[in-house]
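The structure appears right after this line, and notes come after that.
Protein chains: 2
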Amino acid sequence: MAAGKPRTRIQQKNNAAILEAALEVFSAHGFRGATLDQIARAAGLSKPNLLYYFASKEAIHVALLGALLDNWLDPLRALDARGDPVEEIVGYVMRKLDMARAMPRESRLFANEIVQGAPRILDKIKGPLKTLVDEKAVLIRGWAGAGRIAAVDPYHLIFSIWATTQHYADFDVQVRGILAPAGEAHFADAATFLSHLYRRALATP
Amino acid sequence: MAAGKPRTRIQQKNNAAILEAALEVFSAHGFRGATLDQIARAAGLSKPNLLYYFASKEAIHVALLGALLDNWLDPLRALDARGDPVEEIVGYVMRKLDMARAMPRESRLFANEIVQGAPRILDKIKGPLKTLVDEKAVLIRGWAGAGRIAAVDPYHLIFSIWATTQHYADFDVQVRGILAPAGEAHFADAATFLSHLYRRALATP
DNA sequence: CGTGTTCCTGACCGTTTGGTCAAACTCTTT
DNA sequence: AAAGAGTTTGACCAAACGGTCAGGAACACG
Chain F
0 MAAGKPRTRI QQKNNAAILE AALEVFSAHG FRGATLDQIA RAAGLSKPNL LYYFASKEAI
60 HVALLGALLD NWLDPLRALD ARGDPVEEIV GYVMRKLDMA RAMPRESRLF ANEIVQGAPR
120 ILDKIKGPLK TLVDEKAVLI RGWAGAGRIA AVDPYHLIFS IWATTQHYAD FDVQVRGILA
180 PAGEAHFADA ATFLSHLYRR ALATP
Chain V
0 MAAGKPRTRI QQKNNAAILE AALEVFSAHG FRGATLDQIA RAAGLSKPNL LYYFASKEAI
60 HVALLGALLD NWLDPLRALD ARGDPVEEIV GYVMRKLDMA RAMPRESRLF ANEIVQGAPR
120 ILDKIKGPLK TLVDEKAVLI RGWAGAGRIA AVDPYHLIFS IWATTQHYAD FDVQVRGILA
180 PAGEAHFADA ATFLSHLYRR ALATP
């Protein structure tokens, strides 16, 4: 079983194939809605073979979430105290929007998990995620205190950025349904709008 | 069976109890994650009795979504061409935020459905919802054209309002996890922030 | 080549799930 | 009070599900 890191080439390949397949299936149907058979088929393996690599369905899910959470937070981590405040935050919005476009499955995976109460990653939310957000909130509050951006609540600013950007991944079906048949380039329009929104909101008078 | 509208008092009572129970269970676990036994228990009925009132699990879900969609769109419908543009839009944001606080289960029900591809309400999204949004988009675009608000894409403005407000219902666990132990009054803070955000974004120079 | 380890599979199992059904109970109506 | 419609239930079913297991196939290595 793959408790630690994969050791052989076959383990590496199959482990990756399983996580890729699990991302596809879990993000589309949620934890409960996904089945081991679906994941196995998507990974090109038999069900017992799946369970040779991962002890259980839940183990796959946990491994997947753990492997992705770090990358998911990279854009926020990159928020730089030395840069221009407005440009830093708008840049963060753009990076987050780009992730929603390039990695919608990852976004939906987290959305599914959190909407249903985050039973499997609540500790990571209250731990590493909260720590990171707290840290960046201090930074943003500092910018506001120094008069370099408008005085806004840093936590709700971050929440709004998450909400507006991830919306294009999580609610993709709705967005397309309303914009259709026009708007195939709706990510570009979203970037324009969000850039305007946050520049205006953060500008100092 | 309750194909049409309920006729007897018992039917009225049980129908309502079932929809209330279904809202509770579906919103917390998603369609696939919810079981008929759970719903039946929450409604105080036996499982076969549930199926006396609704033909199937899916029928309950569809009935629930249909019954709620109208109320869900009321705040947007109330957007009034005769009012002050900025106040109308900010008022819409506040009403939507208040719904997220007062009706989080309804919000999560829709979130669950749409994240997983909206298999059961895609037609309503492309139909009545799109029609309503198109109509309000014309109104907002008119305001922008007349220079009464800043020139913004009305569709992405509406998307951002949905995203930022529903975020507090759909991602409630995450919000609380990050704000804890402080911030029990986080809806008031959210209102302040969003009011600032949209006033700034829409103000004319 | 042989041998031990890793990898893979078909058959199987217990449980849960959505759904059925005949029979019984209850309420309303005359 | 009797009939008939409306309501409820326990027992049951087939399918799907997560997971197990004994053994066989493929591979690495001396």
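Protein chains in written order, with numbering that gives the first Met the number 0: chain F, 0 to 204; chain V, 0 to 204.
For glycine and all other residues, C-beta sits at the position ideal for the given N, C-alpha and C.
Note that this is a predicted model, so its numbers are computed, not measured.
Simplified DSSP state of residue i, which is helix, strand or coil
| i | result |
| --- | --- |
| T203/V | coil |
| G183/F | For the sequence presented, residue 183/F should be read as Glu rather than Gly. Note: E183/F maps to coil in three-state DSSP. |
| M93/F | helix |
| V151/V | coil |
| A77/F | coil |
| G116/F | coil |
| A190/V | helix |
| M98/V | helix |
| A145/V | coil |
| D69/F | helix |
| G82/V | coil |
| S159/V | helix |
| S106/F | helix |
| A1/F | For A1/F, the predicted structure reports a pLDDT of 41, less than 50, and the residue's modelled location is therefore unreliable. A value from the coordinates is still provided. Coil, per DSSP. |
| I177/V | helix |
| K123/F | helix |
| L196/F | helix |
Distance CB(residue i)-CB(residue j) smaller than 8 Å
| i | j | result |
| --- | --- | --- |
| I124/F | I177/V | yes |
| Q115/F | H155/V | no |
| L35/V | L63/V | no |
| F25/F | A16/F | no |
| Q166/V | A162/F | It is worth fixing the name first, because residue 166/V is His in this sequence and not Gln. A contact, by the Cβ cut-off of 8 Å. |
| I193/V | E105/V | The identity of residue 193/V in the sequence shown is Leu, whereas the question assumes Ile. In this structure, E105/V does not lie closer than 8 Å to L193/V by Cβ. |
| A190/V | M93/V | yes |
| K56/V | T164/V | no |
| K223/V | I157/V | With chain V covering only 0 through 204, there is no way to say anything about residue 223/V. |
| I59/F | Y197/F | no |
| P20/V | I38/V | Note on identity: in this sequence residue 20/V is Ala, with Pro being the wrong assignment. Against a cut-off of 8 Å, the Cβ pair of I38/V and A20/V comes out as a contact. |
| L50/V | N13/V | no |
| R199/V | R199/F | yes |
| R107/V | A168/V | yes |
| L121/V | L75/V | no |
| Y91/V | L72/V | no |
| V85/F | H195/V | no |
| R6/V | V61/V | no |
| F170/F | I113/V | yes |
| R31/V | R100/F | no |
| V172/F | H185/F | no |
Enclosing alpha helix (DSSP H) for residue i [first to last residue]
| i | result |
| --- | --- |
| S55/V | Where S55/V is concerned, there is no enclosing alpha helix (DSSP H), given that its DSSP letter is neither H nor E. |
| F170/F | No alpha helix (DSSP H) holds F170/F; DSSP gives it neither H nor E. |
| A39/V | 35–42 |
| R31/F | 8–32 |
beta-carbon residue i near the ligand GTP non-hydrogen atom, thresh 7 Å
| i | result |
| --- | --- |
| A80/V | Of ligands this structure carries none, so the ligand GTP is not represented either. |
So if I threshold CB-CB distances at 8 Å, which residues from the stretch 146–163 of chain V count as touching chain F?
A149, V151, D152, Y154, H155, L156, F158, S159, W161, A162, T163
Contact list for the stretch 110–124 of chain F against chain V, Cβ threshold 8 Å
A110, N111, I113, V114, Q115, G116, A117, L121, I124
Output needed in chain order: residues of the stretch 46–75 of chain V with a Cβ under 9 Å from some Cβ in chain F.
Of all residues in the stretch 46–75 of chain V, none has a Cβ within less than 9 Å of some Cβ in chain F.
For the stretch 7–38 of chain F, enumerate the residues whose C-beta is nearer than 9 Å to any C-beta of chain V, in chain order.
S26, A27, H28, G29, F30, R31, G32, A33
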